[in-house]
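Just below is one structure, and these are the notes that go with it.
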Amino acid sequence: MATALDHLLTHLADEAATGALVGPAGTLYLLDGAVAHAECAGSPDVGTLLVRAGRLDAAVWRDAHDGGARSLLEHGHLTRGELEICHLGALHDAAYLLRSRPEGPVRFDHGVRHWLGPVRSAPVAALDREMRRRSRLLRRIWPHDEVDSAPVRPRRAGERGPAGRGPAGRCAVTPRQLDVLRLADGRRTPADIATALARPAYRTLLDVRRLAAAGLVETPHTFPTPLPRRRADAPPPPAPTPTDCPDIATLRRIRDALEALR
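Right under this line is the structure:
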């Protein structure tokens with residue numbers, strides 16, 4: 001469902017407006033009706049991504065606040081292609097997180113521009129298509145939206161979520177997902193985890209949904225489905241077969257060890 005921010009953004013695009021569209025979680029900066037920059041709590045900015053990738057020194061990024069993108073290019077700190085690719089990734093990431101947050105008051109400050117200056121703007125229609133594509137991908141991985149905004153924790157041994165384990169065969173666990181699991185403590189949301197790791201928020205949402213689909217994380221408010229009782233005279237259940245892939249088995253052992261320490 002379109003929010004007040006979405007409706008106002010569409011109107012401003014039609015008017016070719018320039019200024020800052022401020023929502024509950026961040027700001028979209030418009031230039032002639034296109035989105036030139038996006039900022040959202042929980043989504044790293046261009047500088048954070050460039051510094052973390054080793055492409056820019058933190059002091060250089062701080063100094064760029066005086067000269068904007070032009071100074072970064074003129075002094076040879078970045079190529080235009082590097083800046084545009086990183087900027088577009090940060091813009092999409094912040095815009096997705098901002099537009100997926102709950103409703104709240106919005107306002108438009110005419111004429112306000114972002115300090116970085118023009119890099120490459122995203123037309124609102126193209127941004128809408130990218131937001132829908134990202135939403136579809138998340139739903140295909142795991143159809144329960146609550147893991148995007150609620151604190152997540154490792155699923156305790158023996159628990160099953162109300163929707164079961166999710167799609168079969170999703171057992172490829174990456175080191176990046178293991179980093180996410182280590183920070184899933186029942187207090188941090190995916191956005192908090194992304195901030196702690198200085199990673200794009202959407203990428204972290206993908207990791208969290210894949211971990212949820214594999215049965216490795218849940219929200220603290222997910223109530224487990226009780227296991228059926230076994231009759232006293234019933235034979236014991238068969239021993240588990242080693243069907244899990246090695247990565248998942250290792251990840252579960254780490255999860256259980258973390259739980260034992262709490």
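Quick note on full-length UniProt numbering: the sequence shown kicks off at 1 and runs consecutively. C-beta atoms are modelled at their ideal positions from N, C-alpha and C, and glycine is treated no differently. Since this is a predicted model, take the numbers as computed values, not measurements.
Closest in C-alpha terms to D45, from the list A184, R62 and L31, comes R62. Around the Cβ of R99, a 10 Å sphere holds 16 or more other Cβ atoms; the residue is buried. Ranked by how close their Cα comes to the Cα of P118, the residues A69, A150 and S135 have A69 in first place. Under a 10 Å Cβ-count criterion, H114 is classified as buried, with 16 or more other Cβ atoms of the shown protein chains found around its own Cβ. Secondary structure of A122 (DSSP, three-state): strand. As the crow flies, the alpha-carbon of A20 is around 38 angstroms from that of A213. With fewer than 16 other Cβ atoms inside 10 Å of its own Cβ, G76 counts as exposed. With 16 or more other CB atoms across the displayed protein chains lying within 10 angstroms of its CB, G42 is buried. Within the same chain, and ignoring the five residues on either side of L12 in sequence, the residues whose Cβ sits closer than 7 angstroms to its Cβ are L21, L30, G33 and F108.
Listed as beta-bridge partners of R107 by DSSP are V22. Contact check for L91 and A122: beta-carbon distance about 6 angstroms, within the 8 angstroms limit, so the pair qualifies.
Judged by DSSP secondary structure, A94 falls within the alpha helix (DSSP H) whose first and last residues are R80 to R99.
Taken in chain order, the complete beta strand (DSSP E) segments of 3 or more residues contained in the segment 2 to 72 are 19 to 22, 26 to 31 and 34 to 40. A straight line joining the alpha-carbon of L206 with that of P102 spans about 20 angstroms.
With respect to G23, L5 sits close: the two C-beta atoms are nearer than 8 angstroms. A direct Cα-Cα distance of roughly 11 angstroms separates G104 from G26. When secondary structure is reduced to three states using DSSP, P154 falls in the strand class. For V217, the secondary structure class from DSSP, reduced to helix, strand or coil, is strand. The continuous stretches of alpha helix (DSSP H) do not include D185, and DSSP gives it neither H nor E. In this structure P200 does not touch L181 by the C-beta definition: roughly 18 angstroms separates them, more than the 8 angstroms allowed. In summary, P175 is exposed, with fewer than 16 beta-carbon neighbours lying within 10 Å of its beta-carbon over all protein chains present. About 13 angstroms separates the Cβ atoms of V124 and T18, ruling out a contact at the 8 angstroms cut-off.
Remark: C-beta atoms of A126 and T219 do not approach each other more closely than 8 angstroms. The straight-line gap separating the alpha-carbon atoms of L78 and R156 is approximately 46 angstroms. Only buried fits P190, as 16 or more other CB atoms lie within 10 angstroms of its CB.
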